Amino acid sequence: MGVSIADYLLELKIGGVWTAVADSAVLRIGGSWKISGNAANALAFGDDTDATISGQLLYSLWSSLSYQQPIRYTTYNSGDTTARTFTGVITKLHRTLDTCDLEAAGMKTLIAATKIYSPMVVRRPAATKTSASSVEDPTNPAYAGGLINYAMWQCGGRPAEQAGSYPAATFYYSCDHALIAPDYAWLAGEDTWAECLKLAQASGGQLYQDASGVVRYRQVLGYAGATATDAIGNSDYASAEETTEPGVQHGTKFTCQYTPRRRLGTQTIADDTTPRHIEPGESVTIVIEPQNPIVRLETASGGTQLLPAALVVACQDGTRINQGAGGYTHTLDVKAGRIIITVTNAGSLACTVWRVTLRGDPVVAGESGSISAGSGTIERQIEPSVYIQRQSDAGRLAEMYAMFYGTARPTVTVRGCAHTPSRAVGQTILFSNAAWGISSVPYVILEIRHDDTGLTAEYALAYVGDLPDMSQFYVVGQAYSSGDTKYLGW
Amino acid sequence: MSYLIINGTTYSGLPNGTGNQSAWQPTGYVPKIEKIGTTLVAADGTHNRVERASPKRAWKIDWDGCNNATRLALATLAALGSSFSMTDFDGATYTCFIDDPFEPSWAFNDLSGASFWACAITVRQV
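From first to last, the protein sequence lines stand for chains Z and Y. The opening position of the first sequence corresponds to residue 0 in numbering that gives the first Met the number 0, with each subsequent residue numbered one higher. The opening position of the second sequence corresponds to residue 0 in numbering that gives the first Met the number 0, with each subsequent residue numbered one higher.
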């Protein structure tokens, strides 16, 4: 008989400070953490995780709770360790005469709600590896991060590897190097989380939030190569069941569509003739969303000012007003899908912006094509993505789909386990089951359901022993020695 | 000899008139240590016990036939809306509360006509 001691800590962020909830005020906490975006398949590209908790507290805490308030939950087991089990924001509140109930979801709620316009990112991996020294601030001239890195930063995230430098970050993120680098990628104010998932799907990766609240981009290839230090065996669970139900995800031949993007020469990208009246000392903000995203906007030297010909500004009597003191000044915010010009009347007479003519280098879609990988009668069409722009990328993705989805991958669920705080979704463990003849075989954790305020748990697992892993490939930036035999890539 | 001390009252009285006649000694006393946790029995029979750090205690205490003053003291105790201290027969003191309803039942009258009561309380550590 194994005996372990369990404990828990629930914290609320009140006034910007994490504040512990008295243990005696917590009646029950339970929750789950699972890969959910593509639940029909155990290991799906573009998957994300849903991390949620629900809890019941004494009514006395009601006044301390608010919608979208940050909350975190830590559990301890003497046979394991103390680890964060959930970090997120409150999404639902409910009260009775005696108790209050809450539900909380992960940080993706905040990320999805943040609309981002990005500059055009040219031939850069969808995500770039974060490290203690990686340049993540887009305002840094040396910045060369991927679009997922950019999105995370703009949403208030900071690299987890540099957490010490950003103690007040809204959340932290950590990225692997993505395998695919689209020719042109940009964000144009859509659901940021959904766009990042599309990027992950196009590059054979997964995007998820871990229990510490860290949003991670991870290559699915990394699963099989991970070293397992934890195990789940016959003495750890009360029941186990295995289900194979890949549905439409399973196939033997995969076709991937691609649509090339190309940069055109400098040309007029916007010609706005809406008159905008400006009183002396006042400003007007003009938002231009060009028909096609742009790589570059034609500006005066320095890139912060438009050429004089771009803006036609005149007084009421028709006298043309020039840039500069006594005329008008302006600021410029250029993104791939949106240009914001703020014009200020620096003169003493009212004026009107009669016309805005912008020139730049747009990116347009070319003729679509497709490429297939695998063979056989079960053919599947990979969902088209704006980020699959080259035949070679489409070919890689089709090859990866054929590899990952060519096998109907079963899901194993084990129930009646003691909650082990250190276990995480995406972690590789060694699974054993005497009845099925499985002994210390690598499985990846797809879902953790914890309950009874950190006492019990159940897990969903997927076999990954047959998958290729990163160590079988040459990876740019790593050192190799003579005689190494590896694949060049997909 | 130790006595139960509940909410400052020492339950030391005996029917022979000795001790605190407003709080007689009980005739039944069952202490219980309640562990907080769960036991998970694995498929191979292994018992996995997950335990909270602190167990909680409870005491079932009863009187076969206490005097009226003792019944009134117990009624007051059971009606308390806040926690109170209790020192058990081992001399350890705990913060406690009574959740259950107090339901004394008449036992008998003596020759003088005084009533005696059967009472029971369950005191729980909070």
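Where is the CB? At the ideal position from N, CA and C, for every residue including glycine. Since the structure is predicted, the reported quantities are computational estimates derived from the model, not experimental observations.
For L454/Z, no alpha helix (DSSP H) run applies, since DSSP gives it neither H nor E. The residue among V413/Z, A230/Z, T410/Z and A184/Z with its C-alpha nearest the C-alpha of Y386/Z is A184/Z. Chain order gives the chain Y residues near S238/Z as A42, where near means a beta carbon separation below 7 Å. At least 8 Å separates the beta-carbon of L57/Z from that of I89/Z. Not flagged as an interface residue toward chain Y: A168/Z, since no C-beta distance is shorter than 8 Å. Beyond the five residues adjoining it in sequence on each side, G373/Z comes within less than 6 Å, by CB distance, of T251, K252, F253 and A401 in the same chain, given in chain order.
Annotation: A461/Z has no Cβ neighbours in chain Y at a cutoff of 8 Å; minimum Cβ distance is about 20 Å.
Look at the stretch 99-187 of chain Z and you find these whole runs of alpha helix (DSSP H), each 4 residues long or longer: 107-112 and 146-153.
In summary, Y66/Z is exposed, with fewer than 16 beta-carbon neighbours lying within 10 Å of its beta-carbon over all protein chains present.
If you keep only unbroken beta strand (DSSP E) runs of at least 3 residues inside the stretch 78-106 of chain Y, you get 83-86 and 92-96. DSSP places Y236/Z in the coil class of the three-state scheme, outside both helix and strand. Residues of chain Y whose Cβ lies closer than 7 Å to the Cβ of V2/Z are, in chain order, R48 and E50. In the three-state DSSP reduction, N108/Y falls in the strand class (E or B). Around the beta carbon of T129/Z, a 10 Å sphere encloses 16 or more other beta carbons of the protein chains shown; the residue is thus reported as buried. Of the candidates K31/Y, V29/Y and P14/Y, the residue whose Cα lies closest to the Cα of W23/Y is P14/Y.
For the set K34/Y, P103/Y, G44/Y and S114/Y, the Cα lying nearest the Cα of S238/Z is the one of G44/Y.
The three-state reading of DSSP puts L13/Y in coil, since its state is none of H, G, I, E or B. Our two residues, L60/Z and D451/Z, have alpha carbons roughly 20 Å apart in a direct line.
Taking a Cβ-Cβ cut-off of 7 Å, L396/Z has no neighbours in chain Y, whose nearest Cβ is about 40 Å from it.
Residues L186 of the same chain have their beta carbon placed closer than 6 Å to that of E194/Z, with the five preceding and five following residues left out of the count. Within 9 Å of the CB of S62/Z, no CB atom of chain Y is found; the nearest one sits about 21 Å away. The C-alpha of A299/Z lies about 25 Å from the C-alpha of D136/Z.
If you check the CB distance, L296/Z and G212/Z do not come in under 8 Å. At a Cβ-Cβ threshold of 8 Å, D175/Z and A103/Z do not count as neighbours.
Using beta-carbon distances, A417/Z counts as an interface residue toward chain Y, with a partner under 8 Å. Taking 3 residues as the minimum length, the beta strand (DSSP E) runs contained wholly in the stretch 304-347 of chain Z are 310-314, 327-333 and 338-344, in order along the chain. Secondary structure note for F115/Y: its beta strand (DSSP E) is the uninterrupted segment S114 to Q124. Minimum Cα-Cα distance from T351/Z among the listed residues E278/Z, V413/Z, R94/Z and S77/Z corresponds to E278/Z. Contact annotation: in the stretch 430-458 of chain Z, residues whose CB is within less than 7 Å of a CB in chain Y are D451, L454 and T455. For the stretch 21-40 of chain Y, the set of residues with a beta-carbon nearer than 7 Å to any beta-carbon of chain Z comprises G36, T37, L39 and V40, in chain order. Per DSSP, the beta-bridge partners of L357/Z are A269/Z. Using beta-carbon distances, T45/Y counts as an interface residue toward chain Z, with a partner under 8 Å.
The beta carbon of G14/Z is closer than 8 Å to none in its chain, skipping five residues each way along the sequence.
At a cut-off of 8 Å between beta carbons, S234/Z contacts chain Y. For R27/Z, the pairing in a beta bridge is given by DSSP as Q55/Z. DSSP places F253/Z outside any alpha helix (DSSP H); the residue lies instead in the beta strand (DSSP E), whose first and last residues are K252 to Y257.
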